[in-house]
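Just so you know, the sequence shown maps onto residues 34 to 380 in my numbering.
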Amino acid sequence: MAGGFALLISLFGTPVLIRVLARRGYGQIIRDDGPTSHHTKRGTPTMGGIIIIFAAISAYLLAHLISGNAVTASAALVIGLVVALGLVGFIDDWLKVSRQQSLGLTSRQKLLGQVSIASIFAYLGTQFVDKDGLSPISLQLSTVRDTSITLGAFFVVIWVALMVTATSNGVNLTDGLDGLASGASVLTFISFILIGVWEFGQSCAVAPGINCYEVRDPLDIAVLAASFAGACTGFLWWNASPAKIFMGDTGSLALGGALAGIATTLRVELLLIPLGGLFVIITMSVIIQTLYFKISGGKRVFRMAPLQHHFELMGWGEVTIVIRFWIIAGLCVAGGLGLFYADWVAG
Numbered sequence: 034m035a036g037g038f039a040l041l042i043s044l045f046g047t048p049v050l051i052r053v054l055a056r057r058g059y060g061q062i063i064r065d066d067g068p069t070s071h072h073t074k075r076g077t078p079t080m081g082g083i084i085i086i087f088a089a090i091s092a093y094l095l096a097h098l099i100s101g102n103a104v105t106a107s108a109a110l111v112i113g114l115v116v117a118l119g120l121v122g123f124i125d126d127w128l129k130v131s132r133q134q135s136l137g138l139t140s141r142q143k144l145l146g147q148v149s150i151a152s153i154f155a156y157l158g159t160q161f162v163d164k165d166g167l168s169p170i171s172l173q174l175s176t177v178r179d180t181s182i183t184l185g186a187f188f189v190v191i192w193v194a195l196m197v198t199a200t201s202n203g204v205n206l207t208d209g210l211d212g213l214a215s216g217a218s219v220l221t222f223i224s225f226i227l228i229g230v231w232e233f234g235q236s237c238a239v240a241p242g243i244n245c246y247e248v249r250d251p252l253d254i255a256v257l258a259a260s261f262a263g264a265c266t267g268f269l270w271w272n273a274s275p276a277k278i279f280m281g282d283t284g285s286l287a288l289g290g291a292l293a294g295i296a297t298t299l300r301v302e303l304l305l306i307p308l309g310g311l312f313v314i315i316t317m318s319v320i321i322q323t324l325y326f327k328i329s330g331g332k333r334v335f336r337m338a339p340l341q342h343h344f345e346l347m348g349w350g351e352v353t354i355v356i357r358f359w360i361i362a363g364l365c366v367a368g369g370l371g372l373f374y375a376d377w378v379a380g
């Protein structure tokens, strides 16, 4: 129900948002130093992340209202993280369109907002212990499940803040071509649905054993992941090339927060690296480009970073790049799910 409701709300709500944004003149500001093909996108309505956030949360709550199930602490914390990061992105987008330039919040201001919000999320996640002694966020470092490495409350806050900030910025960097970030996000959210349902079915409360999972609210987190998958799919209908609307920082920062928050509450923190492999690859292209530029005295590895713009300048069509990058994202998700299942099989 959550996924279906989110899909419908996003699919039919997005054109309404497009008309509202277009009427107010809230169009995308295009950087002059980017690919020249992007100049035709100038003025396309932005801040589409508003409908993604609204559709996902509304569908999640509506599904709970119909089913009579209570909202869990884990899902509530992830929702709070998404809304707060979406607000940071909205402020950034608002400043860009109101000033009619591609500069919104400074990098320092945006980073401070992300770290602060992520730190609060991490701290609160170690609270709200249930009757089984489980909190939404574990004090252990997790790979495909909790490991024996204890981080402790202080280092958990630092670690989760780093993970949330890196992921939200990774999605933000990926959101440079029509449909690229939203399509890749759908694939990752679907993987979290499968992981959450599996962890619930093999949880220590349902199927006790040496190989069971100790996760507080895996099934409800799967419901939340379904909400975001549906919301992104409905938005993708209008965001695919040629895009009628962009998600903006409102959407990219929120989606990155959702991915990191869900991975944290499902105890698969390091598994987010392969599951969100495309975001990692694109982020690394920026890091490599920046470091090499400074070390070599002005030389570049790529024609332009992030990586998708490198291939644009090589002459690849935008749709070709997006589809091929979706294939890479799908392969990364398949690899991540393979690692998750292999751990359970190996015992």
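Ideal Cβ placement from N, Cα and C applies to all residues, glycine included.
For the 7 Å CB-CB criterion, G119 and I86 form a contact.
For I182, the secondary structure class from DSSP, reduced to helix, strand or coil, is strand.
With 16 or more other CB atoms across the displayed protein chains lying within 10 angstroms of its CB, I84 is buried. Judged by DSSP secondary structure, L114 falls outside any beta strand (DSSP E) and instead within the alpha helix (DSSP H) spanning 106-132. Cβ-Cβ distances below 7 Å link S171 to D179, R300 in the same chain, with the five nearest sequence neighbours on each side left out; the list follows chain order.
Here I99 is exposed, its C-beta having fewer than 16 other C-beta atoms within 10 Å. With a cut-off of 8 Å on Cβ pairs, the stretch 207-221 is in contact with the stretch 260-275, counting three or more such pairs. In this structure, G146 sits away from S201, with a CB-CB distance that is not shorter than 7 Å.
The criterion of a C-beta distance shorter than 7 Å is satisfied by D211 and A276. Taken atom to atom, the span from the alpha-carbon of G82 to that of F123 is near 8 Å.
Of I223, D208, T183, A273, the smallest CA-CA separation from A338 is found for D208. In chain order, A35, Y93, A96 place their CB closer than 7 Å to the CB of V256, counting only its own chain and leaving out the 5 sequence neighbours on each side. For L145, there is no enclosing beta strand (DSSP E); the enclosing alpha helix (DSSP H) has its first and last residue at 140-158. A buried status is given to R249, since no fewer than 16 other beta-carbon atoms sit within 10 Å of its beta-carbon. Beta-carbon to beta-carbon, I51 and I278 are separated by about 5 Å, close enough to satisfy the 8 Å threshold. DSSP places Y246 in the strand class (E or B) of the three-state scheme. Judged by their CB atoms, V197 and A293 are nearer to each other than the 7 Å cut-off. Residue pairing for G60: DSSP places it in a beta bridge opposite P78. Q235 has no beta-bridge partner at all, per DSSP. A straight-line Cα-Cα distance of about 13 Å links L288 and L305. Assignment of S43 by DSSP, reduced to helix, strand and coil, places it in the helix class. Scanning G60, F187, T283 for the CA closest to the CA of Q173 turns up F187.
Scanning its chain for C-beta atoms nearer than 6 Å, with the 5 sequence neighbours on each side dropped, one finds around W359 the residues G216, in chain order. Nearest to T353 by alpha-carbon distance, out of A273, S236, F161, is A273.
For the pair V230 and G284, the Cα-to-Cα distance works out to about 26 Å. If you draw a straight line from the Cα of H343 to the Cα of D163, it is about 49 Å long. The residue from A296, D282, V130, L44 with its alpha-carbon nearest to that of A88 is L44.
Going by C-alpha positions, S131 is about 35 Å away from A296.
Counting only unbroken stretches of 4 or more residues, the alpha helix (DSSP H) elements lying wholly within the stretch 324-379 are 340-346, 351-379, in sequence order.
When secondary structure is reduced to three states using DSSP, S274 falls in the coil class, being assigned neither helix nor strand.
Counting only residues of its own chain and dropping the five nearest sequence neighbours on each side, L138 has a CB closer than 7 Å to the CB of I124, D125, L128. If you look at L288, you'll find it in the alpha helix (DSSP H) that goes 281-298.
The three-state reading of DSSP puts L174 in strand, counting E and B together.
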